[in-house]
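A.B. asks: Structure below; questions to follow.
Chains as they are written, first to last, in my numbering: chain A, 2 to 121; chain B, 7 to 421.
Below you can see the structure in the form of structure tokens.
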């Protein structure tokens with residue numbers, strides 16, 4: 002199969018994959034009873050009335066985890082072509098890969114020493 | 007015979023029957039998609055029973071045994087019950103996102119099945135970048151979680167969703183880095199290529215540290231114990247799916263079971279030889295049987311771990327990832343790359359002619375295995391020294407803080 006028809010399969014899959022789990026939900030929507038009232042639809046907070054705003058403040062630590070994840074995610078994406086071509090290349094490839102990984106690991110060590118990786 | 011592989015070569019059969027070629031191509035793709043997508047959904051229904059029975063037996067009780075013989079009809083009873091439950095949408099929820107998120111979560115798992123090779127001639131589509139596609143698609147589920155938490159209009163759902171997303175994105179790094187090693191060993195990212203490269207020797211023996219890393223990261227990605235803060239009922243009151251009821255809730259959990267089974271399939275494909283097994287050359291469909299057998303073994307191990315280990319706290323979880331798994335996966339990758347170069351220089355890599363021969367692969371496997379053992383020993387040494395350092399620091403602190411009894415104080419003053 003040529004490349005376009007390969008991705009056509011993925012394209013059709015992308016369209017069908019949401020449809021298949023949605024079928025039971027739609028079926029449930031047809032069969033199940035529907036008797037909404039205010040108490041049932043109230044937001045759940047351990048059985049008491051809700052206190053304060055729903056959309057709470059975002060803890061900064063999540064942002065830091067996201068940043069470090071981003072760095073390593075891009076590194077990982079760039080490592081895959083290196084890994085695929087590795088067998089055909091000579092020792093220089095190992096050195097280049099090592100340097101690349103080392104630079105990014107250095108960033109991880111820096112974040113570690115600055116306690117940026119701790120949860121609190 | 008051209009009509010042997012249903013998924014890919016359905017089109018020539020239709021064209022022979024007189025259809026328009028483009029339409030026949032589209033129809034064959036559509037048929038292939040339906041076949042590949044319904045297989046995991048049907049398996050998930052059976053998995054509900056397997057999961058509950060095995061969990062029960064490990065916990066020294068019987069599990070479902072009322073509905074049908076041995077409780078085998080339990081999943082059907084569950085599905086019927088959940089379909090009939092009322093769908094309560096909380097007030098103030100974001101309707102579209104609220105309804106879409108269980109579907110998107112399950113969709114992200116289903117999409118993985120497009121690239122899994124079922125047998126030497128059956129595969130949904132053999133993408134050149136199969137492994138990268140898998141990593142990309144598995145990340146869509148993370149999006150579904152934050153959609154669920156945000157749109158529920160519930161601060162506990164939101165807090166739960168934040169923690170879940172932090173866990174999921176963190177554990178993607180060792181997952182992906184541990185997958186670079188099989189790609190390194192096989193020289194291709196295509197899933198079929200990875201399975202074919204294991205014809206001589208499974209990657210489990212060549213790269214055990216990567217296999218364990220992938221297993222742990224996959225366990226964390228699905229939110230299974232010991233990383234199951236996501237579904238911890240006693241914390242955060244059931245987390246991001248508090249406000250879901252009825253079939254939507256069921257689809258969340260079906261998605262999770264499917265994800266665990268998909269991880270089992272991926273372990274089988276990437277590390278234990280996929281569809282390879284006795285007599286596969288003669289009867290290709292037997293490859294599917296071997297694959298399901300291997301995936302079931304990995305699924306069982308995953309359930310075993312789940313039912314045996316206690317839960318990790320969120321800060322323990324994150325430190326475990328960033329301070330142990332990520333450095334370990336980086337070191338493992340570098341060691342494997344170095345050893346691959348060494349193996350090639352020494353000339354003990356099997357030539358292309360006998361790449362499928364078990365005996366020819368043994369020398370290089372030995373080198374890789376010893377390298378992995380060395381990495382593991384290094385890890386244990388680091389942990390031991392770190393533990394010793396912390397223990398000594400604690401003991402010094404304890405000694406310094408211990409209050410002196412009057413007799414001791416007098417003795418010390420008169421020294």
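Ideal placement from N, C-alpha and C gives every residue a C-beta, glycine not left out.
Does residue 8 of chain B get closer than 8 Å to chain A when you measure Cβ to Cβ?
C.D. replies: The pLDDT assigned to residue 8 of chain B is 38, lower than 50, so where the model puts this residue is not dependable; a value taken from the coordinates is nonetheless given after this. Residue 8 of chain B does not count as touching chain A.
A.B. asks: In this structure, how does DSSP classify residue 9 of chain B when only helix, strand and coil are distinguished?
C.D. replies: Unreliable placement is indicated for residue 9 of chain B, whose pLDDT of 43 sits below 50; no coordinate value is reported for it.
A.B. asks: Taking the alpha carbon of residue 229 of chain B as the reference point, which residue from B:33, B:38 and B:266 has its own alpha carbon closest?
C.D. replies: Per the Cα distances, B:266.
A.B. asks: Rounded to the nearest angstrom, what separates residue 109 of chain B and residue 20 of chain A at their Cα positions?
C.D. replies: If you take the alpha carbons of residue 109 of chain B and residue 20 of chain A, they lie about 8 Å apart.
A.B. asks: Kindly say whether residue 93 of chain A, judged by its beta-carbon, lies nearer than 8 Å to any beta-carbon of chain B.
C.D. replies: Chain B contact via Cβ: absent.
A.B. asks: Identify the continuous alpha helix (DSSP H) that holds residue 104 of chain B and give its terminal residues.
C.D. replies: First-last of the alpha helix (DSSP H) with residue 104 of chain B: 101-118.
A.B. asks: When you compare the CB positions of residue 46 of chain B and residue 194 of chain B, do they come within less than 8 Å of one another, or not?
C.D. replies: Their beta carbons are not under 8 Å apart, which means residue 46 of chain B does not touch residue 194 of chain B by this criterion.
A.B. asks: Quick one, which of B:44, B:127 and B:218 has its alpha-carbon nearest residue 198 of chain B's?
C.D. replies: Residue B:127 is the option with its Cα nearest to residue 198 of chain B.
A.B. asks: I'd like to know if residue 347 of chain B contacts chain A, where contact means its C-beta is closer than 8 Å to some C-beta of that chain.
C.D. replies: True, the Cβ-Cβ gap to chain A drops below 8 Å.
A.B. asks: Find the nearest neighbour of residue 39 of chain B within the set B:117, B:28, B:30 and B:74, judged by alpha-carbon distance.
C.D. replies: Comparing Cα positions, the closest option is B:117.
A.B. asks: If you drop the 5 nearest sequence neighbours on each side, which residues of the same chain put their C-beta closer than 6 Å to that of residue 210 of chain B?
C.D. replies: Closer than 6 Å at Cβ, skipping near neighbours: 217, 277 and 278.
A.B. asks: Using only alpha-carbon positions, find the residue among B:182, B:111 and B:333 that is nearest to residue 136 of chain B.
C.D. replies: Comparing Cα-Cα distances from residue 136 of chain B to each of B:182, B:111 and B:333, the minimum goes to B:182.
A.B. asks: Within the 8 Å Cβ cut-off, does residue 5 of chain A reach chain B?
C.D. replies: For residue 5 of chain A, the answer is no, since every Cβ of chain B falls outside 8 Å of its Cβ.
A.B. asks: With 8 Å as the C-beta to C-beta threshold (strictly closer), list the residues of the stretch 88-105 of chain B near chain A in chain order.
C.D. replies: Result list: 88, 89, 90, 91, 92, 93, 94, 95, 96, 97, 98 and 105.
A.B. asks: Can you give the Cα-Cα distance for residue 30 of chain A and residue 272 of chain B, rounded to whole angstroms?
C.D. replies: Rounded to whole angstroms, residue 30 of chain A to residue 272 of chain B spans 34 Å at the Cα level.
A.B. asks: Specify the secondary structure class of residue 214 of chain B as computed by DSSP and reduced to three states.
C.D. replies: Note: residue 214 of chain B maps to helix in three-state DSSP.
A.B. asks: Using a Cβ-Cβ cut-off of 8 Å (strictly less than) and excluding sequence neighbours within five positions of residue 248 of chain B, which residues of its own chain qualify?
C.D. replies: Closer than 8 Å at Cβ, skipping near neighbours: 158, 160, 162, 163 and 166.
A.B. asks: Between the Cα of residue 30 of chain B and the Cα atoms of A:64, A:6 and A:23, which residue gives the shortest distance?
C.D. replies: Closest by alpha carbon: A:6.
A.B. asks: Only counting the same chain, and skipping five residues up and downstream in sequence, which positions put a Cβ closer than 7 Å to that of residue 63 of chain B?
C.D. replies: Hits under 7 Å: 69.
A.B. asks: Go through its chain and collect everything with a Cβ distance to residue 190 of chain B's Cβ below 7 Å, but skip five positions before and after it.
C.D. replies: Excluding sequence neighbours, residue 190 of chain B sits near 342, 343 and 346.
A.B. asks: For residue 115 of chain A and chain B, any beta-carbon pair shorter than 8 Å?
C.D. replies: With 8 Å as the cut-off, residue 115 of chain A does not count as an interface residue toward chain B.
A.B. asks: Check this for me: beta carbons of residue 371 of chain B and residue 253 of chain B, under 8 Å apart or not?
C.D. replies: No. Outside cutoff.
A.B. asks: So the alpha helix (DSSP H) residue 288 of chain B belongs to, where does it begin and stop?
C.D. replies: Looking at the DSSP string, residue 288 of chain B is not in any alpha helix (DSSP H), and its letter there is neither H nor E.
A.B. asks: Which residues of the stretch 309-340 of chain B have a Cβ closer than 8 Å to any Cβ of chain A? Give them in chain order.
C.D. replies: Those residues of the stretch 309-340 of chain B that come within reach of chain A (Cβ to Cβ, closer than 8 Å) are 320, 321, 324, 325, 328, 329, 332, 333, 336, 339 and 340.
A.B. asks: Rounded to whole angstroms, what is the Cα-Cα separation between residue 335 of chain B and residue 86 of chain A?
C.D. replies: Cα-Cα distance, rounded: 20 Å.
A.B. asks: Quick one: measure Cβ to Cβ for residue 125 of chain B and residue 291 of chain B, integer angstroms, because I've assumed they're closer than 8 Å.
C.D. replies: Right, the Cβ-Cβ distance comes to about 6 Å (below 8 Å), so this counts as a contact.
A.B. asks: Residue 95 of chain A: beta carbon under 7 Å from a heavy atom of the ligand GDP?
C.D. replies: The ligand GDP is not among the ligands present in this structure, which contains no ligands whatsoever.
A.B. asks: Which residues in the same chain have their Cβ closer than 6 Å to the Cβ of residue 104 of chain B, if we skip the five residues on either side of it in sequence?
C.D. replies: Hits under 6 Å: 157.
A.B. asks: Are residue 175 of chain B and residue 59 of chain A touching if we call contact CB-CB under 8 Å?
C.D. replies: No; because the gap between Cβ atoms is not below 8 Å, this pair is not in contact.
A.B. asks: Looking at C-alpha atoms only, which residue of B:50, B:36 and B:328 is the closest neighbour of residue 111 of chain A?
C.D. replies: Cα-wise, what sits closest to residue 111 of chain A is B:328.
A.B. asks: 8 Å is my cut-off, CB to CB: does residue 21 of chain A come that close to chain B?
C.D. replies: At least one chain B Cβ lies under 8 Å of residue 21 of chain A.
A.B. asks: Could you check how far apart the C-beta atoms of residue 115 of chain B and residue 123 of chain B are, in whole angstroms? I think they sit under 8 Å.
C.D. replies: At roughly 17 Å, the Cβ-Cβ gap does not stay under 8 Å, so residue 115 of chain B and residue 123 of chain B are not in contact.
A.B. asks: Using a beta-carbon distance below 8 Å, is residue 58 of chain A in contact with chain B?
C.D. replies: Judged by the 8 Å Cβ criterion, residue 58 of chain A is not in contact with chain B.
A.B. asks: Report the start-end ranges of each alpha helix (DSSP H) in the stretch 298-373 of chain B that is 4 residues or longer and not cut off at the edges.
C.D. replies: Complete alpha helix (DSSP H) runs here, min 4: 320-326 and 332-352.
A.B. asks: For the alpha helix (DSSP H) holding residue 436 of chain B, just list the boundary residues, first then last.
C.D. replies: Since the first residue shown for chain B is 7 and the last is 421, residue 436 of chain B is missing from the structure and cannot be characterised.
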